[in-house]
Amino acid sequence: MCIGGPALVMWVTPTEEELFLRYNPELQKRSLENRREKQEDFDQFVTNLKEYSKSDKPIWTVQKEADEQNRRNAAAKLRTDQSELAAEVERRRQEIRSSTS
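Per our numbering, the very first residue in the sequence shown carries number 40; after that it's consecutive.
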């Protein structure tokens, strides 16, 4: 008779629920708070992966292109926000100048 192997590993490995119950109460609370966010992140990841897999290109290439596009969009949004903020600052300056004159 041989002792060990995959059956032994499965038998001695605790389940996720058993591990969760071993956490201290503070960690359990924090884990429950973060569970929804992590689930949403994972769902978004899977959705993106499904979209990337529709392409004829390798997934990592499509993901790299999507990341680059997201980076460009974020930079454009930042520039737009900065220009709107600068316009607001200038408008307030004009208001102050016109009210003091």
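By construction, the Cβ of each residue, glycine as well, lies at the ideal position given by its N, Cα and C atoms.
Hey, would you say residue i sits closer than 8 Å to residue j, going by beta carbons?
i, j, result
"Ser94", "Val101", "yes"
"Phe155", "Ser70", "Residue 155 lies beyond the stretch modelled for the chain, which goes from 40 to 140, so this question has no answer here."
What's the gap between the Cα of residue i and the Cα of residue j?
i, j, result
"Arg61", "Glu55", "10 Å"
"Pro45", "Arg75", "32 Å"
"Glu65", "Thr52", "24 Å"
"Ile42", "Asn73", "40 Å"
"Trp99", "Glu123", "36 Å"
"Leu47", "Ala114", "53 Å"
"Arg131", "Glu79", "40 Å"
"Ser92", "Glu104", "13 Å"
"Asn87", "Arg111", "18 Å"
"Val128", "Gln121", "10 Å"
"Gln108", "Glu134", "39 Å"
"Leu117", "Pro97", "30 Å"
"Lys89", "Ser137", "57 Å"
"Thr119", "Asp106", "20 Å"
At what residue ranges does the stretch 42-106 contain a whole run of the alpha helix (DSSP H), taking only runs of 4 or more?
45-51, 55-61 and 64-92
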